[in-house]
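Heads up, the thing below is written out as structure tokens.
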Amino acid sequence: MFSGKTTALLRRVEELERAGLSIALVKSSKDDRYSQEHVVTHNGLSRPCYAVRSLAALPEVLQDAWRSVQVIALDEAQFIPDLLDGVTASVDGGRRWIIAGLDGDFQRRPIGQVLDLIPHADEVQKLKAHCQLCLREGVTRAAPFTLRYSADTDSRQEVVGGAELYAPACRFHFLQHTARKESDATLELCDALR
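Following the working numbering, the numbering of the sequence shown begins with 12 at its first residue and continues without gaps.
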């Protein structure tokens, strides 16, 4: 999270539009943090989009534009349940896709079908944020992992949120945070058993 995935996606959309390609900007309807009708970056950049629950809905949502659109740019791909089948069928049929999404969750588990697409991709770019905890210490370190701050022990994989709930972390701070959460949970259990 916070690696600039959506910003990079919007930048690529602009480049392709300048080249004269017809583009449909799409996102998962689960992403309701800022707007249901726009793709919005953490920095406030915004573009109108189509919000869908699944890729199977795209022809109906895009209507006549479905036949003429050359590129589909998809944000928050990890929330799309039919990502692999929808993208591969469309790409193999000649349509181009640009996809932005998370490859792992706050427990370092795969999320959605993003990783399943890699063997089918022409190109893959993994963006990394800077560790928020290192930055507080005046250090810049890549953050390939995500921390989820939570007052409870919520282990649901899909919890939509921003900086109030998530932070990018380096390996050191990820492991430190995980160990602290496990220790706190053990203490709470011991207190409950007394």
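Ideal Cβ placement from N, Cα and C applies to all residues, glycine included.
- In this structure the stretch 37 to 53 does not touch the stretch 101 to 110; the number of beta carbon pairs closer than 8 angstroms is below three.
- Cβ-Cβ separation between Leu-27 and Val-82: approximately 6 angstroms, consistent with a contact (criterion under 8 angstroms).
- By the CB criterion at 7 angstroms, Cys-142 and Ala-154 fall inside the cutoff.
- When DSSP states are grouped into helix, strand and coil, Pro-121 belongs to the strand group.
- Pairing Phe-13 with Ala-140 gives a Cβ-Cβ distance under 7 angstroms.
- The shortest CA-to-CA distance from Thr-157 to any of Ser-46, Leu-113, Thr-52, Pro-70 is the one to Leu-113.
- Here Gly-115 is bridged, per DSSP, to Pro-121.
- Comparing alpha-carbon positions, the option among Gln-187, His-49, Trp-77, Arg-78 lying closest to Asp-86 turns out to be His-49.
- The closest CA to that of Ile-91, considering only Ile-110, Val-80, Trp-77, Arg-78, is found on Ile-110.
- Of the residues Ser-79, Asp-127, Ile-122, Pro-179, the one whose Cα lies closest to the Cα of Gly-97 is Asp-127.
- At the C-beta level, Phe-117 and Arg-159 come within 7 angstroms of one another.
- Within the same chain, and ignoring the five residues on either side of Tyr-61 in sequence, the residues whose Cβ sits closer than 8 angstroms to its Cβ are Ala-35, Leu-36, Val-37, Lys-38, Leu-69, Val-72, Leu-73.
- Here Leu-56 is exposed. Its C-beta has fewer than 16 other C-beta atoms within 10 Å.
- Annotation for Val-102: the continuous alpha helix (DSSP H) segment containing it runs 94 to 103.
- Going by DSSP, Ser-79 is part of the alpha helix (DSSP H) stretching over 76 to 79.
- Using a Cβ distance threshold of 7 angstroms, Lys-16 and Leu-138 count as a contacting pair.
- Between the C-alpha atoms of Trp-108 and Leu-144 there is a straight-line separation of about 34 angstroms.
- Under a 10 Å Cβ-count criterion, Gln-89 is classified as buried, with 16 or more other Cβ atoms of the shown protein chains found around its own Cβ.
- According to the DSSP assignment, Pro-59 belongs to the beta strand (DSSP E) that extends over 57 to 59.
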